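Residue numbering for the sequence shown follows the working numbering, starting at 7 and increasing by one per position. Here a beta-carbon is modelled for each residue, glycine too, at the ideal position from N, C-alpha and C. Nothing here was measured: the structure is a model prediction, and the numbers come from that model.
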Amino acid sequence: MTPIDASKLIEGKLTAASGKPVLVHRDPNFAGHASIKIASDDAPAHLLRYKPEFESELPYLSAFECGMALRSIQAKTVNRFELASAPAMGQEVRQLIEEHLRKSDSAVPLSMVRQLCQQFGHGLGLQLRSMPIAIRVDEWLYRDYPALAELQRKSIERQLQEAMHALAPSVRALAPQRIIDANVRMSCAFAKFWAATWNEPEVALPFTSAGYGKIGDELLGLVQSLDRSPDGDRELVNQWAERLGLASWFQTIDKQ
7 MTPIDASKLI EGKLTAASGK PVLVHRDPNF AGHASIKIAS DDAPAHLLRY
57 KPEFESELPY LSAFECGMAL RSIQAKTVNR FELASAPAMG QEVRQLIEEH
107 LRKSDSAVPL SMVRQLCQQF GHGLGLQLRS MPIAIRVDEW LYRDYPALAE
157 LQRKSIERQL QEAMHALAPS VRALAPQRII DANVRMSCAF AKFWAATWNE
207 PEVALPFTSA GYGKIGDELL GLVQSLDRSP DGDRELVNQW AERLGLASWF
257 QTIDKQ
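This is the structure:
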């Protein structure tokens, strides 16, 4: 089986489960690697967008995004969810950033605070919503679709490099410790999963040496111990939010 064959099989599973096709859109302006928007009454197809520079990894990226969508669709209606920010989150993040910039005597103008609030708050929400479930999807792909392993590794290694940016002094100059801690704790769990899967402990070393090893183990333990079916994903995200101290900022809500 080739990587493209494996990707098409998973795309077919999503189409069969939802009754909707997958449209693939090459988007030069896309900010991330790839994402999928699940079909709805107003959108008759699942829309997979990806950045052209990652074209060589598209079979894995497509398989991963379709796998994430498939878990959402396979969950019972009561367990399908979105992640919403609490009303107090924006104000609290703003206060944290303003206080941090004052204490650090940063040269960042206060006019940038609003942009930083959106960047950090939105980023944490995306990470909390996706990362615990991503570990489950990636584990499934690694186990059942070895044809994707090479492309998967290439993509994961880049993601881990990007995650290490949060440990850089330049980021710490901008972001309050609470936000950095939440971000890096999740990244540590992700790195520990791959360190164990590849039997390469050094993969997680940047995060464990920074003091995040214990919480990384706890978060990864939740991924492995809670209901591993799609119906367990909502509780998994809730439990991560609790353990990360983010439950007052983000809540899961019923998917409309």
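- Under DSSP, Lys43 forms a beta bridge with Leu53.
- Nearest neighbour of Pro50 by Cα position, chosen from Pro58, Ser24, Ser68, Pro34, turns out to be Ser24.
- Residue burial annotation: Thr258 is buried, with at least 16 other C-beta atoms found within 10 angstroms of its C-beta.
- Between Ile103 and Glu71, the gap from beta carbon to beta carbon reaches 7 angstroms or more.
- Distance from the Cα of Leu226 is smallest, within the candidate group Gln245, Ser235, Ile162, for Gln245.
- Approximately 4 angstroms separates the beta-carbon atoms of Pro65 and Pro9; this is inside 8 angstroms, confirming the contact.
- In this structure, Ile186 sits away from Ala201, with a CB-CB distance that is not shorter than 7 angstroms.
- Straight across, the Cα-Cα distance linking Ser215 with Arg234 is about 29 angstroms.
- Sequence-distant partners of Trp146 (beyond 5 residues in either direction) whose C-beta falls short of 7 angstroms from its own C-beta, in its chain, are Gly73.
- By the criterion of a C-beta distance shorter than 8 angstroms, Pro34 is surrounded in its chain by Lys57, Pro58, once the five residues flanking it on both sides are discounted.
- Inclusion of Leu250 and Arg191 in the CB contact set at 7 angstroms is warranted, their separation being smaller than that value.
- Between Cys123 and Arg100, the C-beta gap is smaller than 7 angstroms, which places the two residues in contact.
- The distance from the Cβ of Met95 to that of Trp255 is about 4 angstroms, consistent with a contact at the 8 angstroms cut-off.
- Leaving aside the five residues that flank Leu76 on each side, the residues in its chain whose CB is nearer than 7 angstroms to its CB run, in chain order, Lys19, Leu20, Ala23.
- The beta carbons of Ala81 and Asp260 sit about 11 angstroms from each other, so the pair does not count as a contact at 8 angstroms.
- Here the C-alpha atom of Ala188 lies approximately 8 angstroms from the C-alpha atom of Leu252.
- Annotated three-state conformation of Ser110 is coil, per DSSP.
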